[in-house]
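Each residue of the sequence shown is one higher than the one before, starting from 215 at the first, in this note's numbering. The beta-carbon is built from N, C-alpha and C at its ideal position, and this holds for glycine as well. Reviewing the structure listed below.
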Amino acid sequence: RRELARRGEPAPGTDRSYAFFRDVFVGSEDGVVIDVLVTPGETDGGTQTLYFFDGISEPVLLAREGDAAPGTEGAVFGPLESVEVAITERDDVAFVSTLDEGIGGVEAGVNSTGLWVGGRDGLELLVRTGDGVDVAIEGETPDLRTVQNIIFSPVQGLADNGRLGYTLWFTDGTAAAFEVFLGTPPTACAGDFDRDGDVDLGDFADFSTRFGTSAGDGRYDPSIDFDFDGAIDLGDFGAFAAQFGRDDCGG
215 RRELARRGEP APGTDRSYAF FRDVFVGSED GVVIDVLVTP GETDGGTQTL YFFDGISEPV
275 LLAREGDAAP GTEGAVFGPL ESVEVAITER DDVAFVSTLD EGIGGVEAGV NSTGLWVGGR
335 DGLELLVRTG DGVDVAIEGE TPDLRTVQNI IFSPVQGLAD NGRLGYTLWF TDGTAAAFEV
395 FLGTPPTACA GDFDRDGDVD LGDFADFSTR FGTSAGDGRY DPSIDFDFDG AIDLGDFGAF
455 AAQFGRDDCG G
């Protein structure tokens, strides 16, 4: 057991102290994100703050209510008390948050929500409501649509290999699902779970440990759920078996 932070201690990156711990989101053996309320200041009653801890270096302030939101032009984070953080075994972090209305051109229901990703080195904005997103198939005429809503599940939307999935709803009533890879580039083979360039016994071992699990189980990993039906079953085994032995995955 290790103590990460204690009420009354100075909160790094601020002139405040830790006041109340709301939630702890656990990633690897060392990586943890803590949602903590820091003590009130002269103009506020205390602000919700996300910190990244790795047990080695000083805690990193990821996001704080009222602080500048990365990737925006003058916008600041809104209340963070309802934020749910996804964190992987590699300590990739992702969360959806709102922005304060009226600051930096933010309008409620127009451009007031974003999906941020990052980790101990800070955050970057992945997508924001109000953004234009091209949904055209590669090679076709651009088809730009405006984002109205962002759907991201911190439980199922971020796999331990950095594969992140989310859904965007657009102002014209349509929607589309997307995936990106955080950190290292994706492998060319869906069955190359350890991203070493081939689909071999190491990947089979990874698949075996997740076989029979479903969304909501602690061992369920959406990167191994080939057909995205929420369960790792015989259908996924067939998809994995079809790729077994490939050595052209890029690594």
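- In the assembly as shown, Pro436 is a buried residue. Its beta-carbon has 16 or more other beta-carbons within 10 Å.
- Between Val347 and Leu340, the C-beta gap is not smaller than 8 Å, which leaves the two residues out of contact.
- Under DSSP, Gln262 shares a beta bridge with Leu251.
- The beta strand (DSSP E) runs lying completely inside the segment 367-451 and spanning 3 residues or more are 377-384, 389-395, given in chain order.
- DSSP places Ser326 in no beta strand (DSSP E); its state is neither H nor E.
- Within the DSSP bridge table, the entry for Ile301 names Val307 as partners.
- Assigned with DSSP and collapsed to three states, Phe458 falls in coil, not helix or strand.
- Comparing alpha-carbon positions, the option among Gly318, Leu372, Thr355 lying closest to Glu287 turns out to be Gly318.
- Judged by DSSP in its simplified three-state form, Ala282 adopts strand.
- Look at Ala453 here: in three-state DSSP terms it is helix.
- For Arg342, the number of other beta carbons within 10 angstroms of its own is at least 16, and it is reported as buried.
- With a contact defined as Cβ atoms closer than 8 Å, Gly344 and Val361 qualify at about 6 Å.
- Going by DSSP, Thr360 is part of the beta strand (DSSP E) stretching over 358-365.
- Assignment of beta-bridge partners to Gly227 by DSSP yields no partner.
- Per DSSP, reduced to three states, the secondary structure at Arg220 is coil, with no helix or strand assignment.
- Distance from the CA of Leu396 to the CA of Leu372, rounded to the nearest whole angstrom, comes to 9 Å.
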